[in-house]
Amino acid sequence: MAIVFETNNFLIVAPEKPHVSRSDGGHLVVVPKVEVEDRTKLTAPLAIELMKLTMLSGEALRTVMTTRGIEIGRINYQDNGNWTPHLHIHIYGRAKGAVLQPYGTPLHSPATRKEFEAMPTLEPLNEDDVAEIKSEIGRLLQSEKYRNF
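Everything in the sequence shown is counted per the numbering used here, starting at 21 for the first residue and increasing by one.
Written out as structure tokens, the structure is:
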């Protein structure tokens, strides 16, 4: 997994085997560095930081992919944890021109880890995407909206 952004408490990563392909909008994951089963186990400061990072991730993914020619109409945020009992938030870009995961329809995920592992590998975000998303997160952190979050 490519590390997109890191704080003392969390990682934002771009998975090598995404649930949503690059051309369908892309996929990021926000992962706490401490192992917790779900968000109710986080301290208040960590919960606030998690919310901030999911917002930053979604906003940066939408901006960058749209400027790179993949028009993102919506971001889906999902806290699954069904296969791994470790809190992590999926950030899914939903491209208006998506083919495999059509825009305006529910995201289709395999029911089991075994089904996921048997799926063909979708195109992940590339190095340039990751670098631009990281840069956009840095820019957003300087904005009025996020500066004092």
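Cβ coordinates follow ideal geometry from the N, Cα and C atoms, glycine included.
The alpha-carbon separation between residue 47 and residue 31 amounts to approximately 14 Å. Sixteen is the threshold: since fewer than 16 other Cβ atoms of the shown chains lie within 10 Å of the Cβ of residue 128, the residue is exposed. Residue 122 has its alpha-carbon roughly 33 Å from the corresponding atom of residue 27.
Distance from the CA of residue 40 to the CA of residue 83, rounded to the nearest whole angstrom, comes to 17 Å. Put simply, of 139, 53 and 65 the residue whose alpha carbon is nearest the alpha carbon of residue 107 is 53. In the DSSP annotation of this structure, the continuous segment of the beta strand (DSSP E) that includes residue 24 starts and ends at 22-26. The segment 73-83 makes contact with the segment 92-99: 3 or more CB pairs, one atom from each, lie closer than 8 Å.
Distances from the alpha-carbon of residue 105 to those of 37, 167 and 56 put 56 closest. Positions of the beta strand (DSSP E) runs, each at least 3 residues long and wholly inside the segment 107-168, are given as 109-115 in order along the chain. Counting only residues of its own chain and dropping the five nearest sequence neighbours on each side, residue 101 has a CB closer than 8 Å to the CB of 57, 58, 107 and 108.
The distance from the Cβ of residue 150 to that of residue 44 is about 17 Å, inconsistent with a contact at the 8 Å cut-off.
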